[in-house]
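Colleague:
Number of protein chains: 2
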Amino acid sequence: MTVETGGVDKRRLFELLWGTPAGPRRGPRPTLTLAAIARAGIAIADADGLEGLTMQRVAESLDVTKMALYRYVPGRAELVALMLEDAIGEPPPPPAGADWRARLDDWTRQLFDRFRRHPWAQAATVGARLPGPNELAWVEAVVAALTGTGLTGAEQLDVAVLLVGHARNLAQHATPQGAPAGSREAAFGVLVRGREERFPALDAALRGIDPAAADAALDFGLARILDGIGTLIAARTADPRSGGAADRGPGGRGE
Amino acid sequence: MTVETGGVDKRRLFELLWGTPAGPRRGPRPTLTLAAIARAGIAIADADGLEGLTMQRVAESLDVTKMALYRYVPGRAELVALMLEDAIGEPPPPPAGADWRARLDDWTRQLFDRFRRHPWAQAATVGARLPGPNELAWVEAVVAALTGTGLTGAEQLDVAVLLVGHARNLAQHATPQGAPAGSREAAFGVLVRGREERFPALDAALRGIDPAAADAALDFGLARILDGIGTLIAARTADPRSGGAADRGPGGRGE
DNA sequence: CTAAACTGTGTCCCTTGGATACAGAGTACT
DNA sequence: AGTACTCTGTATCCAAGGGACACAGTTTAG
Numbered sequence: 001m002t003v004e005t006g007g008v009d010k011r012r013l014f015e016l017l018w019g020t021p022a023g024p025r026r027g028p029r030p031t032l033t034l035a036a037i038a039r040a041g042i043a044i045a046d047a048d049g050l051e052g053l054t055m056q057r058v059a060e061s062l063d064v065t066k067m068a069l070y071r072y073v074p075g076r077a078e079l080v081a082l083m084l085e086d087a088i089g090e091p092p093p094p095p096a097g098a099d100w101r102a103r104l105d106d107w108t109r110q111l112f113d114r115f116r117r118h119p120w121a122q123a124a125t126v127g128a129r130l131p132g133p134n135e136l137a138w139v140e141a142v143v144a145a146l147t148g149t150g151l152t153g154a155e156q157l158d159v160a161v162l163l164v165g166h167a168r169n170l171a172q173h174a175t176p177q178g179a180p181a182g183s184r185e186a187a188f189g190v191l192v193r194g195r196e197e198r199f200p201a202l203d204a205a206l207r208g209i210d211p212a213a214a215d216a217a218l219d220f221g222l223a224r225i226l227d228g229i230g231t232l233i234a235a236r237t238a239d240p241r242s243g244g245a246a247d248r249g250p251g252g253r254g255e
Numbered sequence: 001m002t003v004e005t006g007g008v009d010k011r012r013l014f015e016l017l018w019g020t021p022a023g024p025r026r027g028p029r030p031t032l033t034l035a036a037i038a039r040a041g042i043a044i045a046d047a048d049g050l051e052g053l054t055m056q057r058v059a060e061s062l063d064v065t066k067m068a069l070y071r072y073v074p075g076r077a078e079l080v081a082l083m084l085e086d087a088i089g090e091p092p093p094p095p096a097g098a099d100w101r102a103r104l105d106d107w108t109r110q111l112f113d114r115f116r117r118h119p120w121a122q123a124a125t126v127g128a129r130l131p132g133p134n135e136l137a138w139v140e141a142v143v144a145a146l147t148g149t150g151l152t153g154a155e156q157l158d159v160a161v162l163l164v165g166h167a168r169n170l171a172q173h174a175t176p177q178g179a180p181a182g183s184r185e186a187a188f189g190v191l192v193r194g195r196e197e198r199f200p201a202l203d204a205a206l207r208g209i210d211p212a213a214a215d216a217a218l219d220f221g222l223a224r225i226l227d228g229i230g231t232l233i234a235a236r237t238a239d240p241r242s243g244g245a246a247d248r249g250p251g252g253r254g255e
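Chains as they are written, first to last, in the UniProt record's numbering: chain G, 1 to 255; chain B, 1 to 255.
#1: If T108/G and L222/G are in contact, beta carbons under 8 Å, what's the gap, nearest whole angstrom?
#2: Output, in chain order, the set of chain G residues within a Cβ distance shorter than 8 Å of D158/B.
#3: Closer than 7 Å, Cβ to Cβ, to anything on chain G: give me those residues from the region 115 to 130 of chain B, in chain order.
#4: So, using beta-carbon positions, are M55/G and L32/G closer together than 9 Å?
#5: Would you mind working out which of A47/G, A40/G, A77/G sits nearest E60/G, comparing C-alpha positions?
#6: 9 Å is my cut-off, CB to CB: does T237/B come that close to chain G?
#7: Return the chain-ordered list of same chain residues with a C-beta closer than 7 Å to the C-beta of L104/G, the five sequence neighbours on each side being excluded.
#8: CB-CB under 8 Å to G19/G, same chain, minus the five flanking residues each way: which ones, in chain order?
#9: Which residues of chain G have a Cβ atom closer than 7 Å to the Cβ of E140/B, listed in chain order?
#10: Give the range of the alpha helix (DSSP H) segment to which S195/G is assigned.
#11: Would you say L50/G and W120/G are within 9 Å of each other, going by their C-beta atoms?
#12: Let me check understanding here. Comparing Cα to Cα, which of G89/G, D219/G, V58/G, L130/G lies closest to I37/G?
#13: Taking the C-alpha atoms as reference points, what is the distance between G230/G and R195/B?
#14: Under 9 Å between C-beta atoms, does Q56/B make it to chain G?
#15: Expressed to the nearest angstrom, what Euclidean distance is found between the alpha-carbon atoms of T125/B and G27/B?
#16: Around the Cβ of E140/B, are there at least 16 other Cβ atoms within 10 angstroms (buried) or fewer (exposed)?
#17: Does any CB atom of chain B fall closer than 9 Å to the CB of G252/G?
#18: Just to confirm, are L111/G and R168/G a CB contact at a threshold of 9 Å?
#19: Using a threshold of 9 Å, state whether the C-beta atoms of H173/B and D203/B are closer than that.
#20: Ignore the nearest five residues each way along the sequence and tell me which others in L92/G's own chain have a CB closer than 7 Å to its CB.
#21: Under 8 Å by Cβ, that's how I've got R236/G and L151/G pegged, so tell me the actual separation to the nearest angstrom.
#22: On a Cα-Cα basis, can you pick out the residue from M83/B, D106/B, Y72/B that is closest to D219/B?
#23: Starting from the beta carbon of L206/B, find every residue of chain G whose beta carbon is closer than 7 Å, and list them in chain order.
#24: Examine chain G for any beta-carbon lying closer than 9 Å to the beta-carbon of E255/B, and answer yes or no.
#25: With 16 as the cutoff for other CB atoms within 10 Å, does M67/G come out buried or exposed?
#26: Is L82/G closer than 9 Å to V73/G when the C-beta atoms are compared?
#27: Give a yes or no on whether the minimum CB-CB distance between residue 287/B and chain G is below 9 Å.
#28: Check this for me: beta carbons of L13/B and L130/B, under 9 Å apart or not?
#29: Under a Cβ-count criterion, where at least 16 other Cβ atoms within 10 Å of its own Cβ denotes burial, should G132/G be classed as buried or exposed?
#30: Name the two residues that bound the continuous alpha helix (DSSP H) containing G221/B.
#31: Who are the Cβ neighbours of D9/G in its own chain at under 6 Å, not counting the five residues just before and after it?
#32: Counting only Cβ pairs nearer than 8 Å, list the residues of chain G close to A98/B.
#33: Where does F14/B fall in DSSP's three states?
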C-alpha cells in the first residue's frame with residue numbers, strides 16, 4: 001500500500017531536478033545524497049512496485065530514520081520524480097551513420113527497455129509532470145534525429161510524443177522480462193471462449209494466431225509508425241507544402 | 001491522498017466484471033447497486049482524481065457507511081476497475097459505410113474522448129489488468145474493422161494495442177478540456193531557455209512553432225499510424241506474403 | 001413460524017505520509 | 001580560540017485511509 005501524495009511542490013521539485021548541487025554549507029555534512037536516495041527508492045520499486053515504496057522502507061535500506069529523508073526530499077511524490085529521472089537515465093548516443101529512421105527505431109527500443117526494466121515508471125509517468133534533464137534529453141534526441149527532414153518543429157515534437165507513448169505503452173503490455181509466448185492471446189482467449197457471438201471478430205482473430213509466436217506488438221507498431229513518418233517525409237521532400245498534420249482542419253481525417 | 005491497494009482479488013473481480021447479476025437472494029434487499037457505486041466513484045474521481053477517491057467519500061455520497069461498500073466490492077482496487085469499465089463504456093457503432101481507415105480514425109477519437117473525460121482512467125489503466133466486457137468490446141471493434149484487410153489476427157490485435165496506446169497517451173498529454181494553445185511549447189520553452197547549448201535541436205524546433213497553433217499531436221500521430229497501416233495493407237493486398245511485422249527478425253528495422 | 005442467510009453498522013487496528021520541536025555537529029566570523 | 005549560527009538526524013505526534021470483525025436487524029425459504 002502506498003499513498004500518492006496529490007500535491008507536488010513544483011518549486012522544490014524544479015530545484016531538485018534542474019538545480020545545481022549547491023556550494024559549501026555550514027552545519028554538519030549530510031549523510032545521504034539525493035542520488036543515493038533515488039537509487040534506494042528505485043531498488044525497492046523495482047522489486048515491489050510503487051505500492052511497495054514507502055518512506056519507511058527507503059529509510060531503512062539507507063539506515064536512517066524516515067524523517068531524515070525529508071531533509072532531502074519534500075515528499076514522496078518528489079522522490080518518485082527523482083527516481084524516474086534516474087531510472088530513465090540519459091539517452092544513448094545514436095548509432096553511427098544512421099538515418100532518421102534507424103535512429104528513431106533504436107531510440108524507441110532503448111526507451112522501451114528502460115521502461116521494462118522499471119515497471120513502476122509506467123505509473124510514475126501519468127499526468128502532467130515537470131520533465132527532468134534526462135527526460136528532456138530524450139526528446140532532444142528525437143528532434144535532433146528529425147532535423148533536416150522537412151518536418152516542422154511542432155511535428156518533430158509530435159513524433160516524440162508518439163514514440164514515447166508507444167514505448168511506454170508496450171512496456172506495459174509486455175510481460176516483465178520476456179513474454180511467456182502467447183500470453184496475451186491466452187488471456188483474451190479465456191474471456192472470448194463461450195462468448196463467441198459477442199466477440200466474433202476477436203474470436204476469429206484469436207483462432208488464426210500461432211500460440212508459439214512471440215509477441216511482436218512493439219515491432220509491429222514501431223514499423224507502422226515509422227512507415228507513416230516516412231510517408232510524410234517523402235511527401236514533404238517532394239513538395240514542402242504537402243501532407244498530413246499540416247492541414248489542420250477540424251476532424252482531420254487525413255488520407 | 002489515496003491508498004493503492006496492491007492486491008486485487010482476481011476471482012471476485014472476474015465475477016464482478018463478467019458475472020451475471022445473480023438470482024433472488026434471501027436476506028434483506030440491498031440498498032445499493034454495483035452500478036450506483038461505480039457511478040458515485042466516477043463522479044468523485046472526475047472531480048478530484050483518483051487520489052480524491054476514498055471509500056469514505058464514496059460512502060458519504062451514497063448515504064451509507066464506509067463498510068457497507070465492502071458488501072458489494074472487495075476493495076478499492078476492484079472499485080476502480082468497475083469504475084473504469086463504466087467510464088469507458090461501450091464502443092460506439094462504426095460510422096455507416098466507412099472503410100477500415102475511417103472506422104479506426106473514429107474509434108481512436110472516441111476512445112480519446114472517453115479518456116479525456118475521465119483523466120483518472122489513465123492511472124487506472126497501468127499494468128496488467130483483467131479487461132471487462134466493455135474494454136473487450138472496444139478491441140472487438142478494431143478487429144472487426146480490420147477483418148478482410150489481409151492482416152493476420154495477431155496484427156489486428158497489435159493495431160488495437162497501438163491505437164489504444166495512442167488515444168490513452170494523448171489524453172494524458174492533452175490539457176483537460178481544450179488546450180490553452182501552445183501550452184506544451186511554453187512548458188518546454190521555459191526549460192530550454194538558457195540551456196540552448198544542451199538542447200540545440202529542441203531549441204530550434206521550439207523557435208519554429210507558432211504559439212497560437214493548436215496542439216495537433218492526436219491528429220498527427222493518428223494520421224501517421226493509419227498511413228503506416230495503410231502501407232502494410234496495400235502491400236498485403238498486392239502480395240499476401242509481404243510486409244512489415246511478418247518478418248520477425250531480431251531488431252526488425254523494417255523498410 | 002422458525003431457521004437460515006444476508007445487509008448495514010459500529011468499533012477497532014495497522015500502515016502510511018507528514019508536521020514539529022529538539023539535541024548535536026560542524027562552520028564562519030570575531 | 002571561542003562563540004554564534006546553521007544545518008542534520010531523530011523522536012514524538014497526528015490524521016487519514018483501507019480493511020477485519022462481530023453484531024443486530026431484515027427478509028425469505030421451507
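All C-beta atoms in this analysis are idealised placements derived from N, C-alpha and C, irrespective of residue type, glycine included.
Modeller: Quick answer:
#1: Here residue 108/G refers to the residue found at position 108 of the first sequence. Here residue 222/G refers to the residue found at position 222 of the first sequence. That pair is a contact at about 6 Å.
#2: Counting from one through the second sequence, the residue named residue 158/B turns up at place 158. Result: A216, A217, F220, G221.
#3: Q122, A123, V126, G127
#4: Translated into positions along the first sequence, residue 55/G becomes position 55. Translated into positions along the first sequence, residue 32/G becomes position 32. It is not a contact, given that the beta carbons lie outside the stated cut-off.
#5: To locate residue 60/G, count along the first sequence from 1; it is residue 60. Closest by alpha carbon: A40/G.
#6: Along the second sequence, one-based indexing puts residue 237/B at 237. Not an interface residue.
#7: Within the first sequence, residue 104/G is the residue found at index 104, counting from 1. If we look at L104/G and ignore the five residues flanking it on each side, its Cβ neighbours are V142, A145, L163, L226.
#8: Stepping through the first sequence from its first residue, residue 19/G is reached at position 19. Result list for G19/G: empty, nothing under 8 Å.
#9: For the purposes of this step, residue 140/B is taken as the residue at position 140 of the second sequence. Those within 7 Å of E140/B in chain G are F199, A201, L202.
#10: On the first sequence, position 195 is the one that residue 195/G refers to. Residue 195/G is actually Arg in this sequence, not Ser. R195/G -> no alpha helix (DSSP H), and no H or E assigned at all.
#11: The residue you call residue 50/G lines up with position 50 of the first sequence. The residue you call residue 120/G lines up with position 120 of the first sequence. Yes, the pair counts as a contact, with Cβ atoms nearer than the cut-off.
#12: As a position in the first sequence, residue 37/G is number 37, starting the count at 1. Ranking G89/G, D219/G, V58/G, L130/G by Cα distance to I37/G puts V58/G first.
#13: What you label residue 230/G is simply residue 230 of the first sequence in a count that begins at 1. What you label residue 195/B is simply residue 195 of the second sequence in a count that begins at 1. Spanning the two alpha carbons is a distance of roughly 31 Å.
#14: The count along the second sequence starts at 1 and reaches residue 56/B at position 56. Judged by the 9 Å Cβ criterion, Q56/B is not in contact with chain G.
#15: Against the second sequence, residue 125/B aligns to sequence position 125. Against the second sequence, residue 27/B aligns to sequence position 27. So the alpha carbons of these two residues sit roughly 36 Å apart.
#16: Taking the second sequence and counting its residues from 1, one reaches residue 140/B at position 140. Classification for E140/B: buried.
#17: Reading the first sequence from its first residue, position 252 is the one you call residue 252/G. Confidence is the limiting factor: at G252/G the pLDDT is only 37, short of 50, which leaves the residue's position unreliable and the question unanswerable from this model.
#18: In the first sequence, counting from the first residue as 1, residue 111/G sits at position 111. In the first sequence, counting from the first residue as 1, residue 168/G sits at position 168. In this structure, R168/G lies closer than 9 Å to L111/G by Cβ.
#19: Here residue 173/B refers to the residue found at position 173 when the second sequence is read from its first residue. Here residue 203/B refers to the residue found at position 203 when the second sequence is read from its first residue. Going by C-beta atoms, H173/B is not nearer than 9 Å to D203/B.
#20: Here residue 92/G corresponds to residue number 92 of the first sequence, with the count starting at 1. With the sequence shown as reference, residue 92/G is identified as Pro, and Leu is not the correct amino acid for it. Excluding sequence neighbours, P92/G sits near Q110.
#21: For the purposes of this step, residue 236/G is identified with residue 236 of the first sequence, where counting begins at 1. For the purposes of this step, residue 151/G is identified with residue 151 of the first sequence, where counting begins at 1. Yes, they are in contact, since the Cβ atoms of R236/G and L151/G sit about 7 Å apart, within 8 Å.
#22: Along the second sequence, one-based indexing puts residue 219/B at 219. Out of M83/B, D106/B, Y72/B, D106/B has the C-alpha closest to the C-alpha of D219/B.
#23: Here residue 206/B refers to the residue found at position 206 of the second sequence. In chain order: G153.
#24: By one-based count along the second sequence, residue 255/B stands at place 255. With a pLDDT of 37 at E255/B, under the threshold of 50, the predicted position of this residue should be treated as unreliable, though the coordinate-derived value follows. Yes, contact with chain G.
#25: Counting from 1 along the first sequence, the entry for residue 67/G is found at position 67. Exposed: under 16 other Cβ atoms inside 10 Å.
#26: As a position in the first sequence, residue 73/G is number 73, starting the count at 1. As a position in the first sequence, residue 82/G is number 82, starting the count at 1. The answer is yes: Cβ separation under 9 Å.
#27: Since the displayed chain B opens at 1 and closes at 255, residue 287/B lies outside it and no answer follows.
#28: Here the question's residue 13/B lines up with position 13 in the second sequence. Here the question's residue 130/B lines up with position 130 in the second sequence. Taking 9 Å as the Cβ cut-off, L13/B and L130/B qualify as a contacting pair.
#29: The residue given as residue 132/G occupies position 132 in the first sequence. By the 10 Å Cβ count, G132/G comes out buried.
#30: Against the second sequence, residue 221/B aligns to sequence position 221. That run of the alpha helix (DSSP H) goes 217 to 238.
#31: Position 9 of the first sequence, counted from the start, is the residue given in the question as residue 9/G. Cβ within range, chain order: P74.
#32: For the purposes of this step, residue 98/B is identified with residue 98 of the second sequence, where counting begins at 1. Within chain G, no residue comes near A98/B; the closest Cβ sits about 10 Å away, beyond 8 Å.
#33: On the second sequence, position 14 is the one that residue 14/B refers to. Correct three-state label for F14/B: helix.
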